[in-house]
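In terms of this note's numbering, the sequence shown has 27 at position 10, counting the first letter as 1, and numbering is strictly consecutive.
Only one structure is covered here, and it is reproduced in the block below.
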Amino acid sequence: MERTVTIWEAIREMRQLSAEMKTFSIVYMSYDRGRQKSTGMVRVDRAILRAQTPSDENRNADHMLNYMDRELNLPRQFYQILLMEFNGFKTIPEYENLSRGE
18 MERTVTIWEA
28 IREMRQLSAE
38 MKTFSIVYMS
48 YDRGRQKSTG
58 MVRVDRAILR
68 AQTPSDENRN
78 ADHMLNYMDR
88 ELNLPRQFYQ
98 ILLMEFNGFK
108 TIPEYENLSR
118 GE
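And the structure:
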């Protein structure tokens, strides 16, 4: 059985690891909203969260995660909902964790 974690559980764990200055791995689908284009999946083996962009600077700030790629030493960001894996666990949206009465 495939190991899964909700996106929100993954984000909580990312915040905890980042507070401890520990890196984590992520896989997410890229998306450039301005160009309405994706360049595919992005794998980052050593990431750490950085401060969130203020919402007055980016209207989508509440939907984004900012991180530092420790291997490339470059700041990056991605849409939370496009997170596909966290530390080897497949991520699922919260609503998929709800009982469907089956």
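We put the beta carbon where it would ideally sit given N, CA and C, even for glycine.
Beta-carbon spacing of residue i, residue j below 9 Å
i     : j     : result
Ala64 : Asp79 : no
Ile28 : Gln97 : yes
Residue from the options whose Cα sits closest to the Cα of residue i
i     : options                        : result
Asp62 : Gln97, Pro71, Ser55 and Glu102 : Glu102
Arg60 : Gln53, Leu99 and Arg52         : Leu99
Ser35 : Ser55, Glu111, Asn77 and Gln69 : Gln69
Residue i (DSSP reduced to helix, strand or coil)
i      : result
Met81  : strand
Ser42  : strand
Ala64  : strand
Gln33  : helix
Leu91  : strand
Glu111 : helix
Glu26  : helix
Cβ neighbours of residue i in the same chain (closer than 8 Å, five flanking residues each side left out)
i      : result
Ile109 : Thr21, Val22, Thr23 and Ile24
Met58  : Val44, Tyr45, Met46, Ser47 and Met101
Leu91  : Met85
Arg117 : Caution is warranted here: a pLDDT of 46 is assigned to Arg117, below 50, making its placement in the model unreliable, and the coordinate value is therefore given only provisionally. So the list is empty, once near-sequence residues are dropped.
Met81  : Gln69, Thr70, Asn75, Gln94, Phe95, Tyr96 and Gln97
Glu88  : Val61, Asp62 and Arg63
Glu111 : Thr23, Ile24 and Trp25
Own chain, CB closer than 7 Å to residue i, minus 5 neighbours either side, in chain order
i      : result
Arg67  : Asn83, Tyr84, Met85 and Pro92
Asn104 : Phe41 and Ser42
Glu113 : Confidence in Glu113 is poor, its pLDDT being 49 and thus under 50, which makes the residue's placement too unreliable to answer from.
Glu37  : none
Same chain only: Cβ atoms within 6 Å of residue i, ignoring 5 sequence neighbours per side
i     : result
Glu19 : Lys107
Measuring CB atoms only, is the region 43-50 touching the region 67-75, in the sense that at least three cross pairs come out at less than 8 Å? no
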